[in-house]
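**Student:** First, the structure itself, so that you have it in front of you.
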Amino acid sequence: MKVVIGTRGSRLALTQTKWVIDELEKHYPELACEMKIIKTKGDLIQDKPLDKIGDKGIFTKEIEAELLKGNIDMAVHSMKDMPSELPLGLRFTRTLKREDARDVLILKEGYASIEDLPIGATIATGSKRRKYQLLAYRSDLNIVPIRGNVDTRLCKLEEEKLEGIVLAAAGLHRLGLADKITCYLPMEIMLPAPAQGALAIEIRQEDTKAYDLVKVLEDPVSSIQVEAERAFMDAINGGCHMPIGAYCEVIGTKLRMRGLLGDELGKKLVIKELCAPIGSEKQLGEELASVLRKEFEKNDW
Numbered sequence: 001m002k003v004v005i006g007t008r009g010s011r012l013a014l015t016q017t018k019w020v021i022d023e024l025e026k027h028y029p030e031l032a033c034e035m036k037i038i039k040t041k042g043d044l045i046q047d048k049p050l051d052k053i054g055d056k057g058i059f060t061k062e063i064e065a066e067l068l069k070g071n072i073d074m075a076v077h078s079m080k081d082m083p084s085e086l087p088l089g090l091r092f093t094r095t096l097k098r099e100d101a102r103d104v105l106i107l108k109e110g111y112a113s114i115e116d117l118p119i120g121a122t123i124a125t126g127s128k129r130r131k132y133q134l135l136a137y138r139s140d141l142n143i144v145p146i147r148g149n150v151d152t153r154l155c156k157l158e159e160e161k162l163e164g165i166v167l168a169a170a171g172l173h174r175l176g177l178a179d180k181i182t183c184y185l186p187m188e189i190m191l192p193a194p195a196q197g198a199l200a201i202e203i204r205q206e207d208t209k210a211y212d213l214v215k216v217l218e219d220p221v222s223s224i225q226v227e228a229e230r231a232f233m234d235a236i237n238g239g240c241h242m243p244i245g246a247y248c249e250v251i252g253t254k255l256r257m258r259g260l261l262g263d264e265l266g267k268k269l270v271i272k273e274l275c276a277p278i279g280s281e282k283q284l285g286e287e288l289a290s291v292l293r294k295e296f297e298k299n300d301w
């Protein structure tokens, strides 16, 4: 049986897709998987911030079009890049084992943590979520924009004389670059994007064979986390223009979830936490979004 899997062409995207292929072929020796690289709008436009060129679909639309045409059988994405609603005719398969959801700092030699940085240190990130949380912790920092894949950003650390850059731990782990990490940012300082560290396997709605193939790779804890965090994202109805963060922790039979909502200029930044029993993932995400919105809309800022 042959399966064609679509992906972006970055080293991280290819590494993630290769991992999915290896896992599938490990369970199904008779399976023959083929990768098809598809360029997206987000890959082609590198000279503008993400919030200036569109919403979350900038990394997925072209791949989804190929999926709907039947030119590929599956698509592998980073779940945090996925918009709230999928195109008609497409769905996700099961959620695979999630990588470390945290953000990390890669700092110039001589610094070991965010506390070590001198006043006015320049840190690069392309994310408003990261920018405003950093400033909430260290208002003196000089936060500048950055675009490009992981390798490009690592090069810019030296080329642009930065004190540091912020990246997702998951990508560095998957690329075998964990040794580049200076320090992990705790959730108390930096809430990750909803579903950060998780992969999304997208298929056609009616393709039960593809769905069943991936079922064997499902990770129950990751599935719970992603369902709660995406429910939060859907209910908050935010995209690249607003800072949004969420992380759902599974503790025994309980769920503890923290969420973040900010405005486009970073003047408002609200963080709240709720708990619920396992089995109420969707309701927890939606309730947390509602609590945050009510707090956010107060006029006492």
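Residue 222 in the UniProt record's numbering sits at position 222 of the sequence shown; the count goes up by one each step and never skips.
Glycine residues also receive a C-beta, built at the ideal position from the N, C-alpha and C atoms.
These numbers were taken from a predicted model, which means no experiment stands behind them.
Identify which residue in Asp219, Asp151, Asp81, Glu297 has its Cα closest to the Cα of Glu23.
**Tutor:** Check the Cα spacing between Glu23 and each of Asp219, Asp151, Asp81, Glu297: the tightest is with Asp219.
**Student:** With DSSP run on the structure shown, which of helix, strand or coil describes Thr7?
**Tutor:** strand
**Student:** Can you find the residues in the same chain that come closer than 7 Å, C-beta to C-beta, to Glu30, ignoring five residues on each side of it along the sequence?
**Tutor:** Met1
**Student:** When the Cα atoms are used, what is the spatial distance from Ala169 to Lys294?
**Tutor:** 32 Å
**Student:** Is Asp47 helix, strand or coil by DSSP?
**Tutor:** A caution first: Asp47 carries a pLDDT of 47, below 50, which makes its placement in the model too unreliable to give a value.
**Student:** Is Glu297 near the ligand ADP, judged by its Cβ being under 7 Å from some heavy atom?
**Tutor:** Although the ligand ADP was asked about, the structure shown includes no ligands whatsoever.
**Student:** Let me make sure I understand the geometry here. Which of Ala65, Leu162, Arg129 has the alpha-carbon closest to that of Ile271?
**Tutor:** Comparing Cα positions, the closest option is Arg129.
**Student:** What is the C-beta distance between Asp73 and Ile5, in whole angstroms, given that I count them as a contact (C-beta under 8 Å)?
**Tutor:** So it is a contact: roughly 7 Å between Cβ atoms.
**Student:** Within 10 angstroms of the Cβ of Glu85, are there 16 or more other Cβ atoms? Answer buried if so, exposed if not.
**Tutor:** exposed
**Student:** Contact check, Ser222 vs Lys41 under 8 Å by CB: the rounded distance?
**Tutor:** Incorrect: roughly 28 Å between the Cβ atoms, too far for contact.
**Student:** My assumption, with CB atoms under 8 Å, is that Leu175 sits in contact with Thr15. Please give the rounded CB distance.
**Tutor:** Between Thr15 and Leu175 the Cβ distance is about 6 Å, and since that is below 8 Å, they are a contact.
**Student:** List the endpoints of the continuous alpha helix (DSSP H) containing Phe59.
**Tutor:** Segment: none, Phe59 is in no alpha helix (DSSP H) and carries neither H nor E.
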